[in-house]
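Number of protein chains: 2
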Amino acid sequence: MAERRYAILGTGAIGGFYGACLQRAGFDVRFLLRSDYETVRREGLTIESVGGDFRLPRVNAYRDVAEMPKCDGVVVALKTTQNHLLPKLLPSVLADDGVVLVLQNGLGIEDEVADIVGGDRVVGGMCFICSNKVGPGRVRHLDYGPIALADYTPGYEPLGITPRLEAIERDFQTAGIEIQLHEDLLLARWKKLVWNIPFNGLSVVLDAKTDRLIFDGDSRQAVESLMAEVVRGAAACDREIPEAFVSNMLVTTEKMKPYLTSMKLDYDGGRPLEVEAIVGNPLRMAAEAGASLPKIELLYHQLKICDRYNPHREGLGDSC
Amino acid sequence: MAERRYAILGTGAIGGFYGACLQRAGFDVRFLLRSDYETVRREGLTIESVGGDFRLPRVNAYRDVAEMPKCDGVVVALKTTQNHLLPKLLPSVLADDGVVLVLQNGLGIEDEVADIVGGDRVVGGMCFICSNKVGPGRVRHLDYGPIALADYTPGYEPLGITPRLEAIERDFQTAGIEIQLHEDLLLARWKKLVWNIPFNGLSVVLDAKTDRLIFDGDSRQAVESLMAEVVRGAAACDREIPEAFVSNMLVTTEKMKPYLTSMKLDYDGGRPLEVEAIVGNPLRMAAEAGASLPKIELLYHQLKICDRYNPHREGLGDSC
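Next comes the structure, spelled out in C-alpha cells:
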C-alpha cells in the first residue's frame, strides 16, 4: 500500500500543495502541468506554508498525460472549468485497480468522473484550505488544510467508511495532511456549499472580501438567506444540515483573516468561474428534487453574466 | 387656472426639463437649485431635446426656499435620497390650496409627503423619459417624455380621474408635455416598478447597460424572474398587472437605445442610490401584505452594499 503511485492532474494551489506533501513523505508522485511545465521541470516546486516552507528541487513533471505511467491514485485538482479534459486525461493515467480522488469544489463532479472511469472507482474530497498559486511552481499555503473524504457510488447512496477511504487516509496522514472521513459524500458536499455558494458568489458579484461579506449588515442578511436556501436544497435531497452547522460556519468566518475566495481570485485573474459546479449543479439537483431556490437562482444568473463579461479577461487563463 | 404658479424642487434631469417646458409656455415657474444656483441665475437653463433645443436665458432661480413665493403646484423632482429635506421645503413653498406633484421613482413617497402637507394635497407622477443633466443648468433630453399622473389619498384607494388631475394635465399639455391620466396611483406605481426594479437594480450590481440586460440570456432570465416577483408584490396589494403589460415592457426595452439607468448614473457619479424608494419600499409593502419576494430581497441587500461601498464616491454628490 505504501507503494501507491499518485498522479496530480492540475498542479496549482490545491494539487501543487498536496502533491508536494505526498512526495516529501516518499510517495511516487507524477505532476501534470500546462503553462508551468518548463519552470517546474527545471526548478521543481516551492511551498511557502504556515506549517513550514519546503522545496522539492526535482519533481516528475509532465505536460502530456500519454507520457505518464499508470497511477493508483489520480487526484483531480483542475478547476472544474477544465473538466471537459477529463475524458482524455483519466483513462490514460488511471491504473486498472486505481481510484480517482476528486478534490474539486461543487456538486455533481463525481457523476461526471464516474461516467468516464466507472462508478466504483471514484472518491470525493473537499479541501478546507486557504492556498494560492503565487507563481509558476510556487504555492503559498495561508491557513487550514484538512481534506474531508467520502466514498462515492452512483446516486450518492451513503457508503460509510470504506477500506479504500482508510487507505487514502493513511497515505495522506503519512504526508502530514489532516483527513476527516465522512460516511455520506452528498451530505459533505452540500455542507461545503453552505459556505461556498454565498461567499464565492457574493464576493464576485459585490467585489468583496470575506470580512465585508460577514460583517456588513446587509451582506450578512444576504449570506444567511443564501445559506438557508442551501440547507433547503440539501433537505430536498434528503440530507439534513443542522442549524448548529450553519451558525458555526458563520462564527468561523468571522474569525477568518480577510480572504479573497477562489472564485474572486479567478474573476480578478480573468479566468473562467466555477459557476456550474458550485452554483448551477446544486440548483439543478435541488430543482430535480422539487426545491426551488430563488436567491441562489438569481445569484447564478448574475455570476454567469460576471463570467461572460469579465473585464479582467484578456488572452489565456492560467488555471493550473 | 392659467395663472397657476409652479415650484420645481430639484432642477435636474427631470425638474429642469419639465420646468423649462412650463416656463417656455408662459407659466410662472420658480426653480430651487443647490450646486448649480450661481450658473443658472447667470445663464438660465439650456435644454437639448430630441423635440428641439431651446434656451431660457433668464429663470427665477432660488437656493433658499424661504425666498420663494407660495406656489400652486410644487413639483418634487429631487432624488428620493434627498427627501429628508422635504419637511423643511414643502410647508414653506406650498400655497394654501396648492398641490404637491411627486415626480419621483419608487413607492411610498406620497405617504411621506402626505405626512408633511396633508393627505388631500398630493398627486403622484411617473416620468417616462430618458434625460440627463449634462452640466450646470444643462439638460439633455434623449427620448420619450410622457408623465403618468394619478391622484393620491392615504391608503392608496383609487380616486379615479379628479378635477385637479385634469387641471395639471391641461397645464402640462399646454407646455407640450404628454400626460396619461391613471385612476389608480398604486397600480401605476407598481407597473413602473416592473421595469425599475430589475433594470435599475441589475444595471448597478452587474455594471451593465439596458441592452446587455435585455439581450443576454442569463440576464434576461434574471430580469423576467424579478419582474414576476414585482407582479406578485402588486397582486399582494390587490393590484393586478396583466401578463401582456410585462411582455410589452420587454419588447419596448429591446427596442430602446442602450441606456444607463438613473441608478447606474447615480452609482457611476458617486451619488447615493435610490434603493429604499425603488426596492426597499416595495419589498416592505409586499411583506406587509404577506408576500415574500426573495429575489428582490437579495437584490435589495446587494444594492445596499453597492451603495455603501461605492468606489466612485468621493466628496459631495451633485444630485440636483
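Line order of the protein sequences matches chains A and B.
Each step along the first sequence adds one to the number in my numbering, with nothing skipped, and position 229 is 361.
Each step along the second sequence adds one to the number in my numbering, with nothing skipped, and position 50 is 182.
All C-beta atoms in this analysis are idealised placements derived from N, C-alpha and C, irrespective of residue type, glycine included.
Secondary structure of A/Met359, DSSP reduced to three states: helix
Name the DSSP beta bridge partners of B/Ile311, please? B/Ile279
Quick one: any contact between the segment 167–186 of chain A and the segment 221–231 of chain A, if contact means 3 or more CB pairs under 8 Å? no
Where A/Ser351 meets chain B, residues with beta-carbon distance less than 7 Å: His433 and Ile437
Just to confirm the assignment: which complete alpha helix (DSSP H) runs, minimum length 4, are found wholly within the segment 338–409 of chain A? 342–347, 349–368, 375–387 and 394–400
Pair within 8 Å by beta-carbon distance, B/Pro390 and B/Leu358: no
In whole angstroms, what is the alpha-carbon distance linking B/Cys259 and B/Ala280? 6 Å
Cβ of B/Tyr288 within 8 Å of Cβ of B/Leu325? no
Based on the DSSP secondary-structure assignment, which residues constitute the bridge partners of B/Asn192? B/Arg162
N-terminal and C-terminal residue of the beta strand (DSSP E) that A/Tyr138 is part of: Arg137 to Leu141
Cβ-based neighbour list, A/Val362, same chain, cut-off 6 Å, excluding 5 preceding and 5 following: Leu325, Val326 and Ile329
Count the other C-beta atoms from every protein chain shown that fall within 10 angstroms of the C-beta of B/Asp204, then say buried if there are 16 or more, exposed otherwise. buried
Own chain, CB closer than 6 Å to B/Ser335, minus 5 neighbours either side, in chain order: Thr393 and Lys396
Paired residues, beta bridge with A/Met258 - DSSP: A/Ala280
Is B/Ile437 helix, strand or coil when you go by DSSP? helix
Check B/Leu239 in the structure and name its three-state DSSP category. coil
Return yes when the Cβ of A/Leu239 is within less than 8 Å of the Cβ of A/Leu141, no when it is not. no
Backbone CA spacing between A/Lys341 and A/Gly269 [nearest angstrom]: 26 Å
What number of angstroms, rounded off, separates the C-alpha of A/Glu170 from the C-alpha of A/Pro414? 38 Å
Limits of the unbroken alpha helix (DSSP H) element including B/Ile300: Pro295 to Thr306
8 Å is my cut-off, CB to CB: does A/Asp348 come that close to chain B? yes
CB-CB length for B/Val172 against B/Ala193, believed under 8 Å: 5 Å
Buried or exposed (CB count within 10 angstroms, at least 16 for buried), B/Thr212: buried
Based on the DSSP output, what are the partners of A/Cys203 in its beta bridges? A/Leu226
If you measure from the beta carbon of B/Leu427 to each beta carbon in chain A, is any gap under 8 Å? For clarity, residue 427 of chain B is Lys in the given sequence; the question names Leu instead. True, the Cβ-Cβ gap to chain A drops below 8 Å.
In three-state DSSP terms, what is A/Gly267? strand
Proximity test, Cβ basis, 8 Å: B/Ser335 and chain A: no
I need the straight-line Cα distance from A/Ala409 to A/Ala419, nearest angstrom please. 15 Å
With a threshold of 8 Å between beta carbons, is A/Ala114 in contact with chain B? Since the displayed chain A opens at 133 and closes at 452, residue 114 of chain A lies outside it and no answer follows.
Measure how close the beta-carbons of B/Val234 and B/Val225 come, nearest whole angstrom, since I'm counting them as under 8 Å. 14 Å between Cβ atoms; not a contact.
Taking Cβ to Cβ, would you say B/Pro426 is nearer than 8 Å to A/Lys427? yes
CB-CB length for A/Asp303 against A/Phe159, believed under 8 Å: 7 Å
Is it right to say B/Ser379 is buried, meaning 16 or more other beta carbons lie within 10 angstroms of its own, or is it exposed? exposed
Indicate the three-state DSSP secondary structure (helix, strand or coil) for A/Ile248 in the structure shown. helix
Between A/Ala366 and the rest of its own chain, which residues show a CB-CB distance below 6 Å, the 5 nearest in sequence each way excluded? Trp322 and Ile373
Expressed to the nearest angstrom, what Euclidean distance is found between the alpha-carbon atoms of A/Val207 and B/Pro443? 41 Å
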